[in-house]
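Each step along the sequence shown adds one to the number in the numbering used here, with nothing skipped, and position 281 is 288.
The beta-carbon is built from N, C-alpha and C at its ideal position, and this holds for glycine as well.
Report on one structure; see the data block that follows.
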Amino acid sequence: MVEPITYFPQWFGLEDKMGLTFIHGQFSIQFLYDRLPLYIVAMYPVYGYMAYVLVQRAGILKRCNIFVSSICVAFGFMTLFEVADTVGPQWGWWVWNQDLPTSKPSMGPIPYLSLQGFSLVVPFAVALLTRWMTRTTNPQGWRILRDTIIVSIAVWPLMFSMQLPALLLQLIGVPTLTARGISTWTMIGGALLITAWAFYGTYRARMADPSIVPAGARGDRFALVCVAVYLLFGVVFWVAALPGHSTAVDGVAPSGNPVGSLSFGAAAFVLSIVLTAGAYTGTLKAPSASEPASNPAVPA
Numbered sequence: 008m009v010e011p012i013t014y015f016p017q018w019f020g021l022e023d024k025m026g027l028t029f030i031h032g033q034f035s036i037q038f039l040y041d042r043l044p045l046y047i048v049a050m051y052p053v054y055g056y057m058a059y060v061l062v063q064r065a066g067i068l069k070r071c072n073i074f075v076s077s078i079c080v081a082f083g084f085m086t087l088f089e090v091a092d093t094v095g096p097q098w099g100w101w102v103w104n105q106d107l108p109t110s111k112p113s114m115g116p117i118p119y120l121s122l123q124g125f126s127l128v129v130p131f132a133v134a135l136l137t138r139w140m141t142r143t144t145n146p147q148g149w150r151i152l153r154d155t156i157i158v159s160i161a162v163w164p165l166m167f168s169m170q171l172p173a174l175l176l177q178l179i180g181v182p183t184l185t186a187r188g189i190s191t192w193t194m195i196g197g198a199l200l201i202t203a204w205a206f207y208g209t210y211r212a213r214m215a216d217p218s219i220v221p222a223g224a225r226g227d228r229f230a231l232v233c234v235a236v237y238l239l240f241g242v243v244f245w246v247a248a249l250p251g252h253s254t255a256v257d258g259v260a261p262s263g264n265p266v267g268s269l270s271f272g273a274a275a276f277v278l279s280i281v282l283t284a285g286a287y288t289g290t291l292k293a294p295s296a297s298e299p300a301s302n303p304a305v306p307a
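Printed below as a string of structure tokens:
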């Protein structure tokens, strides 16, 4: 539901309100009248799935409520996504319409509203709704389709509701651009603190009682390998982009494309490593024979 409304606001009577927010570069396989490249179809589910798996492996899904665990998933999504999001514009993978009022303020070419919405709010909403829909039963068959449709539709109200903090600040006299900046960085900072607290709590639990890690989880390195491969390619793209980034004038590389924030991309890279390490530390080594039997009620 997010992509069609964003690419074709005129279909939904939102052209005057939203305008054309951004476009993607042309690739060999395209969807939605050549607006949606194949890699976009793949990357968002991958980021969301990997973030969910890391949070699940850390034990946060079982030890914390759905609100906290969904924030952790969203923050994990953001750290992975921003490694590519900050360098993508320089390679012409996507570009935002800087003429729109909603594109200000921005971090380089990335509007704060986009950073807040697509990197944090949408993955938070998807995780929250998914966890809420599956909190009592394990859906099967047609219920999976039903729940998918409900989550896809319900994401939008949650996405728009996250603009309320900035709107409230504006109502008390805070300038629009300042309000958007405060709202975005408060959400990022809050998500960072909550995620750090949750990961540290589950880490301490594993260190205190290694037997709580299910035996089957100890040999699972799928997420570890996936994140490592992804970050390796992230380094390759960033290193290749550095010459143009270092010679950019007014935020524009010699190629004519805008450059992203190297510092934010580097921070996202480091945090991706930290979260992955936090999910795997204390879960790979088999417990000794003297340790108590595994408690299946507590996840890895």
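| query | result |
| --- | --- |
| Residue of V90, K111, A274, R70 minimising C-alpha distance to P182 | K111 |
| Spatial distance of P52 from P116 (CA atoms) | 23 Å |
| Span separating the alpha-carbon of W149 from that of T155 | 10 Å |
| The segment 65–74 in contact with the segment 180–199 per 3-pair CB rule at 8 Å | no |
| Stretch pair the segment 153–171 + the segment 134–142: three plus CB contacts closer than 8 Å | yes |
| Proximal residues to L27 (C-beta, below 6 Å), its chain only, five neighbours per side dropped | N104 |
| Selected residue, minimal CA-CA separation from G188, among S121, F167, V281, T254 | S121 |
| Inside the segment 93–163 only - beta strand (DSSP E) runs reaching at least 3 residues | 101–103 |
| Straight-line gap, Y207 to V232 (C-alpha atoms, nearest Å) | 22 Å |
| Proximity below 8 Å, CB of L87 to CB of A58 | yes |
| Q63 classed as buried or exposed, judged by whether at least 16 other C-beta atoms fall within 10 angstroms | buried |
| First through last residue of the beta strand (DSSP E) which encompasses I67 | It is not in any beta strand (DSSP E) - I67 instead sits in the alpha helix (DSSP H) that spans 67–70. |
| Cβ-Cβ separation, A275 to V60 (assumed contact under 8 Å), whole Å | With 8 Å as the limit, V60 and A275 do not qualify as a contact, their Cβ atoms being about 18 Å apart. |
| First through last residue of the beta strand (DSSP E) which encompasses F29 | 29–31 |
| Which residues DSSP lists as bridging V256, in chain order | V259 |
| Residue from G241, L278, T254, V259 whose Cα sits closest to the Cα of D92 | G241 |
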